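Each residue of the sequence shown is one higher than the one before, starting from 1 at the first, in UniProt numbering. Note sheet for the following structure.
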Amino acid sequence: MTTHLTTDIAVGLDGVTRTYRSRAGDVHALRGVTHAFARGSFTAIMGPSGSGKSTLLQVAAGLDRPTRGEVVVGGQPLGAMNQTGLTKLRRTAMGFVFQSYNLLDALTAAENVALPARLAGRRVRRAAIVDALRQVGLEGKARRRPPELSGGQQQRVAIARALHLQPEVLFADEPTGALDRSSGRQVLELMRAVADEQRQTVVMVTHDPLSASYAHTTLFLEDGLVVGRLDRADATQIAAAMSDLERR
Ligand SMILES: Nc1ncnc2c1ncn2[C@@H]1O[C@H](COP(=O)(O)OP(=O)(O)OP(=O)(O)O)[C@@H](O)[C@H]1O
Numbered sequence: 001m002t003t004h005l006t007t008d009i010a011v012g013l014d015g016v017t018r019t020y021r022s023r024a025g026d027v028h029a030l031r032g033v034t035h036a037f038a039r040g041s042f043t044a045i046m047g048p049s050g051s052g053k054s055t056l057l058q059v060a061a062g063l064d065r066p067t068r069g070e071v072v073v074g075g076q077p078l079g080a081m082n083q084t085g086l087t088k089l090r091r092t093a094m095g096f097v098f099q100s101y102n103l104l105d106a107l108t109a110a111e112n113v114a115l116p117a118r119l120a121g122r123r124v125r126r127a128a129i130v131d132a133l134r135q136v137g138l139e140g141k142a143r144r145r146p147p148e149l150s151g152g153q154q155q156r157v158a159i160a161r162a163l164h165l166q167p168e169v170l171f172a173d174e175p176t177g178a179l180d181r182s183s184g185r186q187v188l189e190l191m192r193a194v195a196d197e198q199r200q201t202v203v204m205v206t207h208d209p210l211s212a213s214y215a216h217t218t219l220f221l222e223d224g225l226v227v228g229r230l231d232r233a234d235a236t237q238i239a240a241a242m243s244d245l246e247r248r
């Protein structure tokens, strides 16, 4: 992967393997994954349990190092970075959203959104916080604390927190896993809008074909390899591809 080709690639994986060594033997969680996540794309990652989805997300986000291969985020190869550099890049270039919202109950929504920037020692602009909350449709809830918000609203605060530093890429692991259908839909529509309107890049692990149908592209993992891909597919097509995989 040469630098002049990476300008429109938010996250690039080149021959990535990840082997966990354990007393019971080696576990090959990723066996050689090469994929370019284009800037402004929304990609869902699906696959049977144990196929390597979480490992892929962790390695792409620099939370875990590949055994072999290279990960490039925003044009920067992660392999060449030390822990301090990686932490800095994660704070500025990446946002994270998980099934559990990980908000602090003692802080208001606005303070939760501002927290990563504060931890990174950055100046927090009030206007940027208001913008981030507006982007997720919560401009009127800035002073509420998480216990005073619904699950869907809390997840949207978590997304505002992830987006407020304008990261290159938003990584999401089962972001709607704890939400009812209608709140889940709002969160998925929001992530799609983030990609379509802000040209930010979203990579989401999910078990749910309906969630995956909000993405532009679904990648299918099996046994540590990307074994398939669907573009602009609906939930029925994605579910059919998943059951084919699980039947093999
Ligand atoms: N820390 C670890 N040590 C040893 N093996 C691990 C470790 N983490 C994951 N694995 C193994 O690596 C493989 C891939 O795991 P991973 O969690 O990436 O799969 P997944 O597709 O996210 O699964 P699920 O859908 O069940 O969350 C599995 O066989 C798992 O048991």
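All C-beta atoms, glycine included, are put in the ideal place defined by N, C-alpha and C. Every value quoted in this text rests on a predicted model; they were computed, and no experiment measured them.
Which of the three DSSP states, helix, strand or coil, is assigned to residue i?
i: PRO77; result: strand
i: GLY47; result: coil
i: THR108; result: coil
i: GLY152; result: helix
i: ALA29; result: strand
i: VAL136; result: coil
i: ARG23; result: coil
i: VAL124; result: coil
i: LEU103; result: coil
i: LEU63; result: coil
i: ARG143; result: coil
i: GLY85; result: helix
i: ALA36; result: strand
i: ALA10; result: strand
i: residue 249; result: In the structure displayed, the chain extends from 1 to 248; residue 249 sits before or after that span and is not available.
i: ARG247; result: helix
Which same chain residues end up closer than 7 Å to residue i when comparing Cβ atoms and leaving out the 5 residues on each side of it in sequence?
i: LEU5; result: Any reading at LEU5 must be qualified, since the residue scores a pLDDT of 47, below 50, and its modelled position is unreliable; the value itself is stated next. Excluding positions up to five away in sequence, the list is empty.
i: VAL213; result: A quick correction: the sequence has Ser, not Val, at residue 213. For SER213, where only same-chain residues beyond five positions count, the Cβ hits under 7 Å are ALA233, ASP234, ALA235 and ILE238.
i: ARG91; result: PRO116 and ALA120
i: ALA36; result: ILE9 and GLY12
i: residue 250; result: Outside the modelled stretch of the chain, which goes from 1 to 248, sits residue 250, for which no answer is possible.
i: ALA132; result: VAL113, ALA160, LEU163 and HIS164
Just to confirm my understanding: we take residue i, look at its own chain, exclude 5 residues before and 5 after, and list those with CB closer than 6 Å. What are they?
i: GLN99; result: GLU174, GLY177 and ALA178
i: ASP231; result: THR217
i: LEU225; result: ARG31
i: ALA97; result: At residue 97 the sequence reads Val, which differs from the Ala that was named. Excluding positions up to five away in sequence, the list reads ALA158, ILE159, ALA162, ALA172 and PRO175.
| field | Residues whose Cβ lies closer than 6 Å to any heavy atom of ligand 1, in chain order | value | TYR20, SER22, VAL27, ALA29, GLY47, SER49, GLY50, SER51, GLY52, LYS53, SER54 and THR55
| task | Just list the alpha helix (DSSP H) runs in the segment 148 to 231, keeping only unbroken ones of 4 residues or longer that don't cross its boundaries, in chain order. | result | 151 to 163, 181 to 198 and 209 to 212
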